[in-house]
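Asker: Got a structure for you, written out below as structure tokens; questions coming shortly.
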Amino acid sequence: MKTYFIYMILFFFTSQHLHAQDDGAVALNLAIRNSLKFNKYALNPTFSFVREQNKYISFSNKREWVQFDDAPQTYLFNYSGRFRENMGVGLGVFQQNYGVLTTFGGILNYAYNVVLDRGSNLTFGTNLGFYKSGIDDGSVVTNFSDPSLQNIPSNSILTLNPGINYGTEFFDFGLSINNLVTYNFTTSKVIEDNPQQSIQGHIMYTGYVNSRGFFDESKFTGFFRSEFNKDKNIVSGIIMITVPKGIWAQAGYSSLFGVSGGIGLNITNQVALEYNYEQAIGSLSSFGNSHEVTLAYKFKNNEKYNYSGDDDEQALINPTKKYKPAIKRRSPNKPIVDKQEDKKIAETQAKKEAQVKRLAEAAQAKAEREELAKIKSDAEALAKIREAEKQAIIDAKNKAFEEAEAKRLANEALVKLEAENKAKRDAEALAKKRKEEVQAIRDAENKAKEEAQAKLDEDKKAQIEAEAKRLEEVKMRESAEKKADTVQLEGVLVPIARDKKAMEIENLTKLTTDSNIKQQDLLIKLNDAVINKQKDLNDLKEENDLSEQGIFKGPKPFKSVSAENAAIESLVIDLDNIITSQNEKISKLENLYEDRLNTVPNQEEEINAFYLNEIQKLKAELTQGVKTKENLITNLQTIKIATDFERKRRIKRAAYDNEDVRY
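Okay, here's the thing in structure tokens:
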């Protein structure tokens, strides 16, 4: 029953280490986790180099949960430390026993450092582990065969754990990946689902205590680590203080394994002993406590590396070189009492010399520390001076660059201002030139309008004078009509018609003449409308041209364009109707004339000759009226196209927010 209880406990523990298959494959997870003095590369692969000065051989044994029989145990024999200025190496052999399960293998560690700057280092490291896990048949105690144990094979596994660390004068920041690659040689497969595969990040601080007395120049180290994996996150931390007397103490906490505390001392200058105690808490509190013991041997190192953390430490036992005191040859005749007194004197002298030597060594060690501190202070002061000189050079270069840049910008601003002024002058000259051209065009148009208006006035005056002359002739001939055998038709003396055909021709001729006068009036109105349209077009074009030059012209009074177009359309319709009516009337006149020729077949006869002349005159005036109407309509269409174009120019100009955007 006791054996099964132990198996249950071991199963709970190994469930954190075993792969999810029933093949007995154990993930690498050394239980050495509570010390910042030895076996540090188990925390991060770069720690065989980071802040190390010496090389160590150490043997560690950790027993977990000691209140149970066959509790988990870990044995680690390790050789590691600083080998060169930029390299650290570690080699370890370990064995882990979890009840009937056992793991035996080795770890090869390598770390390489790159100096980035004074007090700034970047270190790369890796742990390459190879081990064999399976059942320890000698640990199996049972009265009957257990098939579950017999089916667990032995596995040979290779694992790779890389890491990186960035260190400054006092701080270290790093990352590592546990079990990045785990290869099982037994199954020839990479273990994909590894519960111990995780990412670890850490921050470490290393400083010194400046005080008096026992803790003077003591080294303080604080280490914080967080581990992230698929199933859980583990937060842990360790603090350690090392006294120059060769004693150190440390305390730690892990969110999974509980709290820990430890103490260590240098027995001699090369031999050290460390003990750590761990107490489980939380869900594992019922499993009790764990103990870890490490015995280490430090190789004497004559090198003084940079980026190291080992200081001169004393030991519990400081070996001293024994000097054999010179003893005078006693005289054979001296008593035995003198021999005993000489022996006491010699011992007292030896003790005094040993005390003096210890004091001298202590003074020398202190002097060396002070010398190192002075060298370090001088180096820091020199570095500060060089940094200040370097900064002064940089500041001078920056100042020169800023002055040159300011001068360049000033020159560019001056050139730009000159170019802007020149562009402004050119623009003003161009605007002035365009304004003069527009003014010249406007003057020419005004002159043409005045000449056209003058000509129109002259034509109207001539028409009025002709009408007055006609009326005068009418008055002068009124009296003569009573005597002569003639009649008046619209200012023209017409022979008196005695027959019916001649009278019809007379009446129709009079109507046709009236229509011709009305046609002339409509043509005059249509011509006036064309002139107004041309004037509106000229004004709109002038407004657009001036606006493009930035010259504002006040708006014209509102005028209904639709009403004006409707009036013009009405004039065109009336003209078409009169022209059609005139054609019909002239055709009737020609028919009546042909009928009268049948009655009076003599073209030289007075009435026939008169009406033939009137018919030809009416036809000529009708043809001229049709041609005039067509010319006016053609002009209207041309004006309409030009007006539409100018309106589009005005609409396009109005689409801009302002003149700056437009140009």
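In the numbering used here, the protein residues as written are 22 to 684.
Just so it is clear, CB atoms sit at the ideal spot from N, CA and C, and this is done for glycine as well.
1. Should the segment 225-238 be regarded as contacting the segment 263-283, the criterion being three or more beta carbon pairs within less than 8 Å?
2. Start and end of the alpha helix (DSSP H) containing serine 602?
3. For the segment 254-261 and the segment 269-278, state whether three or more C-beta atom pairs, one from each stretch, are separated by less than 8 Å.
4. Would you check if the distance between the CB atom of isoleucine 173 and the CB atom of isoleucine 156 is smaller than 8 Å?
5. Short check: CB of arginine 463 to CB of glutamate 564, under 8 Å?
6. Give a yes or no on whether the C-beta atoms belonging to glycine 102 and serine 56 are separated by under 8 Å.
7. Buried or exposed: which applies to alanine 587, given that a residue is buried once 16 or more other Cβ atoms fall within 10 Å of its Cβ?
8. To the nearest whole angstrom, what separates the beta carbons of proline 66 and asparagine 130, a pair I think is in contact under 8 Å?
9. How about alanine 450: is its C-beta nearer than 8 Å to some C-beta of chain D?
10. Quick check on glutamine 88: does DSSP put it in helix, strand or coil?
11. Please identify the residue among Gly126, Lys554, Leu643 whose C-alpha is closest to the C-alpha of alanine 584.
12. Which value, in whole angstroms, describes the spacing of the CA atoms of glutamate 642 and glutamine 474?
13. With the cut-off set at 8 Å, would you say glutamine 217 and asparagine 200 are in Cβ contact?
14. How many Å lie between isoleucine 662 and asparagine 652 at the Cα?
15. Assuming glycine 150 contacts leucine 49 (C-beta within less than 8 Å), just tell me the rounded distance between them.
16. Pull the bridge partners of arginine 379 from the DSSP assignment, please.
17. By a C-beta neighbour count over all protein chains shown, 10 Å radius and 16 as the cutoff for buried, is valine 110 buried or exposed?
18. Return the first residue and the last residue of the beta strand (DSSP E) that phenylalanine 241 is part of.
19. Threonine 315 by DSSP, collapsed to three states: which one?
20. DSSP on tyrosine 187, reduced to helix/strand/coil?
21. Is the beta carbon of tyrosine 614 closer than 8 Å to that of leucine 639?
22. Under 8 Å between the Cβ atoms of phenylalanine 191 and threonine 242?
23. By Cβ distance below 6 Å, which residues in the same chain neighbour phenylalanine 80 in space, the five residues on each side in sequence not counted?
24. First and last residue of the beta strand (DSSP E) that includes alanine 63?
25. Would DSSP call lysine 76 helix, strand or coil?
26. Could you tell me the boundaries of the beta strand (DSSP E) in which phenylalanine 236 lies?
27. Relative to the C-alpha of lysine 321, which residue among Glu313, Glu334, Gly309 is closest?
28. Going by DSSP, what residue range makes up the beta strand (DSSP E) through arginine 701?
29. Spatial neighbours of glutamine 42 within its chain, please: CB distance less than 7 Å, with the 5 preceding and 5 following residues excluded, ordered by chain position.
30. Checking the sheet assignment: what are the DSSP bridge partners for valine 121?
31. For leucine 544 and lysine 648, which I take to be in contact (beta-carbon distance under 8 Å), what is that distance rounded to the nearest angstrom?
32. Ignore the nearest five residues each way along the sequence and tell me which others in methionine 225's own chain have a CB closer than 6 Å to its CB.
33. Pull up the distance between the alpha-carbon of arginine 668 and that of serine 568, whole angstroms please.
34. Leaving out the 5 sequence neighbours to the left and right, which residues in its chain are closer than 6 Å to alanine 301 when beta-carbon positions are compared?
35. Where lysine 665 and arginine 617 are concerned, what is the direct C-alpha to C-alpha distance, given to the nearest angstrom?
36. Determine the direct distance from the alpha carbon of glutamate 439 to that of leucine 477, and round the result to whole angstroms.
Answerer: For this structure:
1. yes
2. Position 581 of the sequence shown, counting from 1, holds the residue named residue 602. Residues 582-620.
3. yes
4. Counting from one through the sequence shown, the residue named residue 173 turns up at place 152. Counting from one through the sequence shown, the residue named residue 156 turns up at place 135. Closer than 8 Å, so yes.
5. In the sequence shown, counting from the first residue as 1, residue 463 sits at position 442. In the sequence shown, counting from the first residue as 1, residue 564 sits at position 543. Result no, Cβ atoms of arginine 463 and glutamate 564 do not sit closer than 8 Å.
6. For the purposes of this step, residue 102 is identified with residue 81 of the sequence shown, where counting begins at 1. For the purposes of this step, residue 56 is identified with residue 35 of the sequence shown, where counting begins at 1. It is not a contact, given that the beta carbons lie outside the stated cut-off.
7. Numbered from its first residue, the sequence shown carries residue 587 at position 566. Exposed.
8. Counted from its first residue, the sequence shown places residue 66 at position 45. Counted from its first residue, the sequence shown places residue 130 at position 109. Sure, about 6 Å apart at Cβ, within 8 Å.
9. Any reference to chain D falls outside this structure, which holds one protein chain only.
10. As a first step, residue 88 is located in the sequence shown; it is residue number 67 there, counting from the start. Coil at glutamine 88, not helix or strand.
11. Locating residue 584 in the sequence shown gives position 563, counting from the first residue. For the residues Gly126, Lys554, Leu643, the minimum Cα distance to alanine 584 belongs to Lys554.
12. Translated into positions along the sequence shown, residue 642 becomes position 621. Translated into positions along the sequence shown, residue 474 becomes position 453. Cα to Cα, glutamate 642 sits roughly 24 Å from glutamine 474.
13. As a position in the sequence shown, residue 217 is number 196, starting the count at 1. As a position in the sequence shown, residue 200 is number 179, starting the count at 1. A contact, by the Cβ cut-off of 8 Å.
14. Position 641 of the sequence shown, counted from the start, is the residue given in the question as residue 662. Position 631 of the sequence shown, counted from the start, is the residue given in the question as residue 652. Straight-line Cα distance between these residues: approximately 16 Å.
15. In the sequence shown, the residue the question calls residue 150 occupies position 129. In the sequence shown, the residue the question calls residue 49 occupies position 28. With 8 Å as the limit, glycine 150 and leucine 49 qualify as a contact, their Cβ atoms being about 5 Å apart.
16. Position 358 of the sequence shown, counted from the first residue, corresponds to residue 379. Per DSSP, none; premise fails for arginine 379.
17. The residue given as residue 110 occupies position 89 in the sequence shown. Burial call: buried.
18. Along the sequence shown, one-based indexing puts residue 241 at 220. Phenylalanine 241 -> beta strand (DSSP E) spans 240-250.
19. Within the sequence shown, numbered from 1, the residue matching residue 315 stands at position 294. Three-state result, threonine 315: strand.
20. To locate residue 187, count along the sequence shown from 1; it is residue 166. Strand.
21. Start at 1 with the first residue of the sequence shown, and residue 639 comes out as number 618. Start at 1 with the first residue of the sequence shown, and residue 614 comes out as number 593. Taking 8 Å as the Cβ cut-off, leucine 639 and tyrosine 614 do not qualify as a contacting pair.
22. Here the question's residue 191 lines up with position 170 in the sequence shown. Here the question's residue 242 lines up with position 221 in the sequence shown. No. Outside cutoff.
23. As a working note, residue 80 is residue 59 in the sequence shown. Contacts found: Phe98, Leu316.
24. Mapped onto the sequence shown, residue 63 falls at position 42. Where alanine 63 is concerned, there is no enclosing beta strand (DSSP E), given that its DSSP letter is neither H nor E.
25. Along the sequence shown, read from residue 1 onward, the residue named residue 76 stands at position 55. Lysine 76: strand per DSSP, three-state reduction.
26. Against the sequence shown, residue 236 aligns to sequence position 215. Looking at the DSSP string, phenylalanine 236 is not in any beta strand (DSSP E), and its letter there is neither H nor E.
27. By 1-based counting over the sequence shown, the position of residue 321 is 300. Per the Cα distances, Glu334.
28. Only positions 22 to 684 of the chain appear in this structure, which leaves residue 701 out of reach.
29. On the sequence shown, residue 42 is found 21 positions in, with the first residue counted as 1. Bear in mind that a pLDDT of 41 at glutamine 42, under 50, signals an unreliable position, so the number given afterwards is only what the model happens to contain. Excluding residues within five positions, none has a Cβ falling inside 7 Å.
30. Locating residue 121 in the sequence shown gives position 100, where the first residue counts as 1. Partner(s): none; valine 121 has no beta bridge.
31. Position 523 of the sequence shown, counted from the first residue, corresponds to residue 544. Position 627 of the sequence shown, counted from the first residue, corresponds to residue 648. Going by Cβ atoms, the distance from leucine 544 to lysine 648 rounds to 10 Å, so no, they are not a contact pair.
32. Residue mapping note: residue 225 aligns to position 204 of the sequence shown, counting from 1. These residues qualify, in order along the chain: Asp193, Phe244.
33. For the purposes of this step, residue 668 is taken as the residue at position 647 of the sequence shown. For the purposes of this step, residue 568 is taken as the residue at position 547 of the sequence shown. About 13 Å.
34. Counted from its first residue, the sequence shown places residue 301 at position 280. Cβ neighbours of alanine 301 beyond the five flanking positions: Gly279, Phe308.
35. As a position in the sequence shown, residue 665 is number 644, starting the count at 1. As a position in the sequence shown, residue 617 is number 596, starting the count at 1. In the sequence on display, residue 665 carries aspartate and not lysine. Distance between the alpha carbons of aspartate 665 and arginine 617: 56 Å.
36. Walking along the sequence shown from the start, residue 477 turns up at place 456. Walking along the sequence shown from the start, residue 439 turns up at place 418. About 56 Å.
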